[in-house]
Amino acid sequence: MKSLSFLLLLCVLLSTSLTGCASSHTIPSPLPQPPQGEQYSFSAAGGDANDLWIVGELTHNFHCLAPFALHWNSSSWQLHVFQPSFGNPLFVSVTNPYSVWLAGTSQSITPALAPQHAIVMHFDGHTWQNDSPTQAEYLSPEFQMESFSVGSDNAAWLAFTTGDVPHILHWSGSSWISFSLNRIGPKGSPVLNVNSVVAQGSKYAWIAGEIRNGSAISFLVHINGTRVTRLPMPTAAHNSSIHSIQVLSPNDIWIVGYGSGNAFCSEPLGLFHWNGSSWTSFERHGTAYPGTFDSISFPSSHFGWAVAEEGGFGISDRLFQWTGTRFIPEYLNVDPSAHPAPAAFQAHVLYSPTSSFAVLAGSWSSSPDSNFTSTPFIAVWNGGKWTALQ
699 MKSLSFLLLL CVLLSTSLTG CASSHTIPSP LPQPPQGEQY SFSAAGGDAN DLWIVGELTH
759 NFHCLAPFAL HWNSSSWQLH VFQPSFGNPL FVSVTNPYSV WLAGTSQSIT PALAPQHAIV
819 MHFDGHTWQN DSPTQAEYLS PEFQMESFSV GSDNAAWLAF TTGDVPHILH WSGSSWISFS
879 LNRIGPKGSP VLNVNSVVAQ GSKYAWIAGE IRNGSAISFL VHINGTRVTR LPMPTAAHNS
939 SIHSIQVLSP NDIWIVGYGS GNAFCSEPLG LFHWNGSSWT SFERHGTAYP GTFDSISFPS
999 SHFGWAVAEE GGFGISDRLF QWTGTRFIPE YLNVDPSAHP APAAFQAHVL YSPTSSFAVL
1059 AGSWSSSPDS NFTSTPFIAV WNGGKWTALQ
């Protein structure tokens, strides 16, 4: 099913050059300015230093107006604003300059409760294709996108819910195939939530979430063709939920998530590392770190980044660098004109495909207690320092 918004999206994106150029790890400012005083709200990043995509929504006075894609083609930024009916592009994956995937949720304008569905677009080097699953059972006024991951051009995974019904679909190269959730949880499980899917190559994937039956029990399974292998969970994973995973190898896995003792209070599951035989906790790492890890991105076993969500009600994230043995705090000024640095920031995107390139995007505030006044920012790591783009 192709809508007019899809056709408009295709026309906009086809005008973008995806050809890589000479190697460069410096992405200059300024960023393209949104129209009419609107602000960026960032959702995801993909690609590399020569072919970078950052997606999200344009907002004004806390209202979402239209989805956008910022594209850096190694020489300049291009801002593409899509039709509002496209919804929010929550995921972007760039497997190479000629293979770009966008995934998000359709946005129904009228009527208010019209069914929504997943939107998946794929550029194959010649044309953009609408590869969205549009079967009737995947349409719902209560549609919720959970995760999207690309292992290769012939292997992608999509997780979403329609109402309270979870779905996992696997892209075979030409169609979406439903993955039976009975292979993850026991038959008749009251509620199974899938929060994160990570594809690896054409055959493998990792799926994480929780099974709720009075309390929540986290799970992490490995899909190898028709074989499903379940990893043991750390003790803290009882009454908890994994919301993000990073898989470097079967013996080098990171998980991060939250626990929920009751409907009104959450306690951290924290950050754990699997070495092939046991889990190690990296939660509450020393006196300099009072919060709980929220986002992670590790390009290798010896280098990576983690965002810590501090306590309180304001914008108060912190960035840590992984050295291979420990996390050390990284102090960065997300506002180049501020002396000293802004009081606090909140990271919405943490993306590091290599040790010499990373992107941190979100919003900063001059007050650590402010939930209402914030300014969007993008900071880029070039292997030696972070540079905030204005």
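Read in order, the letters of the sequence shown are residues 699 to 1088 in the numbering used here. Each residue gets a CB set at the ideal place from its N, CA and C atoms; glycine is no exception.
Quiz item: Out of curiosity, what's the CA-to-CA distance linking Ala914 and Thr1052?
Solution: Taking the sequence shown and counting its residues from 1, one reaches residue 914 at position 216. Taking the sequence shown and counting its residues from 1, one reaches residue 1052 at position 354. About 34 Å.
Quiz prompt | Thr793 versus Leu768, Asp822 and Glu908, residue with shortest Cα-Cα distance | solution = As a working mapping, residue 793 is identified with position 95 in the sequence shown. The shortest C-alpha separation from Thr793 is found at Asp822.
Quiz prompt | Residues sharing a beta bridge with Asp862, DSSP | solution = Counting from one through the sequence shown, the residue named residue 862 turns up at place 164. Bridge partners of Asp862: none, in fact.
Self-check item: Enclosing beta strand (DSSP E) for Val753 [first to last residue]
Solution: Numbered from 1 along the sequence shown, position 55 holds the residue referred to as residue 753. Annotation: the continuous beta strand (DSSP E) that includes Val753 extends over Asp749 to His758.
Quiz item: I think Val954 touches Asp992, with their Cβ atoms under 8 Å apart; what is that distance to the nearest whole Å?
Solution: As a working mapping, residue 954 is identified with position 256 in the sequence shown. As a working mapping, residue 992 is identified with position 294 in the sequence shown. 7 Å between Cβ atoms; contact.
Self-check item: Beta-carbon contacts of Ser847 that lie in its chain and below 6 Å, excluding the five residues immediately before and after
Solution: Your numbering for residue 847 matches position 149 in the sequence shown. Only Trp855, Val895, Val896 and Ala897 meet the Cβ criterion.
Exercise. Would you kindly work out how many angstroms separate the C-alpha atoms of Asn748 and Pro1040, rounded to a whole number?
Key: Taking the sequence shown and counting its residues from 1, one reaches residue 748 at position 50. Taking the sequence shown and counting its residues from 1, one reaches residue 1040 at position 342. If I take the Cα positions, the gap works out to 29 Å.
Practice problem: Using the DSSP secondary-structure output, state which residues sit across from Phe917 in a beta bridge. | Solution: Translated into the one-based positions of the sequence shown, residue 917 becomes position 219. DSSP, once it has assigned bridges, lists Gly907 as partnering Phe917.
Self-check item: Coarse secondary structure for Gly840, derived from DSSP in three states
Solution: Here residue 840 corresponds to residue number 142 of the sequence shown, with the count starting at 1. Just to set this straight, residue 840 is Glu in the shown sequence, not Gly. Three-state result, Glu840: coil.
Exercise. Rounded to whole angstroms, what's the CA-CA distance from Ile1076 to Val1047? Just pull it up for me.
Key: Here residue 1076 refers to the residue found at position 378 of the sequence shown. Here residue 1047 refers to the residue found at position 349 of the sequence shown. Their backbone Cα atoms lie some 9 Å apart in a straight line.
Exercise. Take Pro813 and list the residues in its own chain whose beta-carbon comes closer than 8 Å to its own, dropping the five residues that flank it on each side.
Key: Looking up residue 813 in the sequence shown gives position 115. Cβ within range, chain order: Ser806, Leu837, Ser838, Pro839 and Phe841.
Quiz item: Do Leu768 and Ile752 have their C-beta atoms within less than 9 Å of each other?
Solution: For the purposes of this step, residue 768 is taken as residue 70 along the sequence shown, with counting starting at 1. For the purposes of this step, residue 752 is taken as residue 54 along the sequence shown, with counting starting at 1. It is a contact, given that the beta carbons lie within the stated cut-off.
Exercise. May I ask which residues mark the beginning and end of the beta strand (DSSP E) holding Asp746?
Key: The count along the sequence shown starts at 1 and reaches residue 746 at position 48. Here the beta strand (DSSP E) through Asp746 covers Gln737 to Asp746.
Practice problem: Please report the residue range of the beta strand (DSSP E) in which Arg1016 lies. | Solution: For this step, residue 1016 is matched to residue 318 along the sequence shown. Per DSSP, Arg1016 belongs to the beta strand (DSSP E) from Asp1015 to Trp1020.
Quiz item: Could you give the residue range of the beta strand (DSSP E) that holds Tyr1029?
Solution: Taking the sequence shown and counting its residues from 1, the one referred to as residue 1029 is at position 331. Neither: Tyr1029 is in no beta strand (DSSP E) and is coded neither H nor E.
Quiz item: Exposed or buried, which one is Asp1015 when buried takes at least 16 other CB atoms within 10 Å?
Solution: Here residue 1015 is taken as the residue at index 317 of the sequence shown, counted from 1. Buried, because 16 or more other Cβ atoms sit within 10 Å of the Cβ of Asp1015.
Practice problem: Verify whether the separation of the beta carbon atoms of Pro733 and Val779 is less than 9 Å. | Solution: Indexing the sequence shown from 1 puts residue 733 at position 35. Indexing the sequence shown from 1 puts residue 779 at position 81. Yes, they are a contact pair.
Practice problem: Ignore the nearest five residues each way along the sequence and tell me which others in Ser721's own chain have a CB closer than 7 Å to its CB. | Solution: Counted from its first residue, the sequence shown places residue 721 at position 23. Residue placement at Ser721 cannot be trusted, given a pLDDT of 39 that sits under 50; what the coordinates show is reported in the next sentence. Taken in chain order, the residues that qualify are Asn748.
Quiz prompt | Nearest-angstrom Cβ-Cβ length linking Gly735 and His761, presumed shorter than 8 Å | solution = Position 37 of the sequence shown holds residue 735. Position 63 of the sequence shown holds residue 761. That belief does not hold up - the Cβ atoms of Gly735 and His761 are roughly 12 Å apart, past 8 Å.
Quiz item: Shortest alpha-carbon distance to Ala853 belongs to which of Gly1082, Ser739 and Ala903?
Solution: Along the sequence shown, read from residue 1 onward, the residue named residue 853 stands at position 155. Of the listed residues, the one whose Cα sits closest to Ala853 is Ala903.
Practice problem: State the start and end residues of the unbroken beta strand (DSSP E) segment that holds Asn893. | Solution: Within the sequence shown, the letter at position 195 stands for residue 893. Element bounds for Asn893: Val889 to Gln898.
Quiz item: What residue range is occupied by the uninterrupted beta strand (DSSP E) comprising Asn794?
Solution: Your numbering for residue 794 matches position 96 in the sequence shown. Element bounds for Asn794: Pro787 to Asn794.
Exercise. Report buried or exposed for Pro765, applying the criterion of at least 16 other Cβ atoms within 10 angstroms of its Cβ.
Key: Start at 1 with the first residue of the sequence shown, and residue 765 comes out as number 67. Flag for Pro765 reads buried.
Quiz prompt | Integer-rounded CB distance, given that Gly907 should sit under 8 Å from Asn893 | solution = Position 195 of the sequence shown, counted from the first residue, corresponds to residue 893. Position 209 of the sequence shown, counted from the first residue, corresponds to residue 907. Rounded, the Cβ-Cβ distance is 4 Å, consistent with contact.
Quiz item: What distance in whole Å lies between the Cβ atoms of Glu844 and Phe858, which are believed to be in contact at a cut-off of 8 Å?
Solution: Along the sequence shown, read from residue 1 onward, the residue named residue 858 stands at position 160. Along the sequence shown, read from residue 1 onward, the residue named residue 844 stands at position 146. Yes, they are in contact, since the Cβ atoms of Phe858 and Glu844 sit about 5 Å apart, within 8 Å.
Practice problem: Starting from Gly1060, follow its DSSP beta bridges and name the residues at the other end. | Solution: Position 362 of the sequence shown, counted from the first residue, corresponds to residue 1060. Beta-bridge pairing links Gly1060 to Ala1045 and Phe1075.
Quiz item: So, are the CB atoms of Leu1058 and Val1005 less than 9 Å apart?
Solution: As a first step, residue 1058 must be located in the sequence shown, where it is residue number 360. As a first step, residue 1005 must be located in the sequence shown, where it is residue number 307. Contact flag set, yes.
Self-check item: Sheet register partners of Asn828 (DSSP bridge)
Solution: Position 130 of the sequence shown, counting from 1, holds the residue named residue 828. Met819.
Practice problem: Kindly indicate which three-state DSSP category Ala812 falls into: helix, strand or coil? | Solution: For this step, residue 812 is matched to residue 114 along the sequence shown. Reduced to three states, the DSSP call for Ala812 is coil.
Self-check item: Inter-residue Cα distance where the pair is Trp770 and Ser739
Solution: Residue numbering aside, residue 770 sits at position 72 when the sequence shown is read from its first letter. Residue numbering aside, residue 739 sits at position 41 when the sequence shown is read from its first letter. For Trp770 and Ser739, the distance between alpha carbons rounds to 17 Å.
Exercise. Evaluate Gln944 with the Cβ neighbour count: other Cβ atoms within 10 Å of its Cβ, from every protein chain shown; 16 or more gives buried, anything less gives exposed.
Key: To locate residue 944, count along the sequence shown from 1; it is residue 246. Gln944 should be labelled buried.
Quiz item: Leaving out five residues before and five after Trp1094 in sequence, what residues of the same chain have Cβ atoms less than 6 Å from its Cβ?
Solution: The chain is shown only over 699 to 1088; residue 1094 falls outside these bounds and no answer can be derived.
Quiz item: Taking the C-alpha atoms as reference points, what is the distance between Gly802 and Gly1082?
Solution: Numbered from its first residue, the sequence shown carries residue 802 at position 104. Numbered from its first residue, the sequence shown carries residue 1082 at position 384. One C-alpha to the other measures close to 33 Å.
Quiz item: Hey, Ser756 and Ile725 are a contact pair by Cβ (cut 8 Å); roughly how many whole angstroms apart?
Solution: The sequence position of residue 756 within the sequence shown is 58, counting from 1. The sequence position of residue 725 within the sequence shown is 27, counting from 1. Here residue 756 turns out to be Leu, not Ser, going by the sequence shown. In fact, because the Cβ distance is near 20 Å, the residues do not count as touching under 8 Å.
Practice problem: Could you check the C-alpha separation between Ser975 and Thr825 for me, to the nearest Å? | Solution: Here residue 975 refers to the residue found at position 277 of the sequence shown. Here residue 825 refers to the residue found at position 127 of the sequence shown. Going by the C-alpha atoms only, they are around 45 Å apart.
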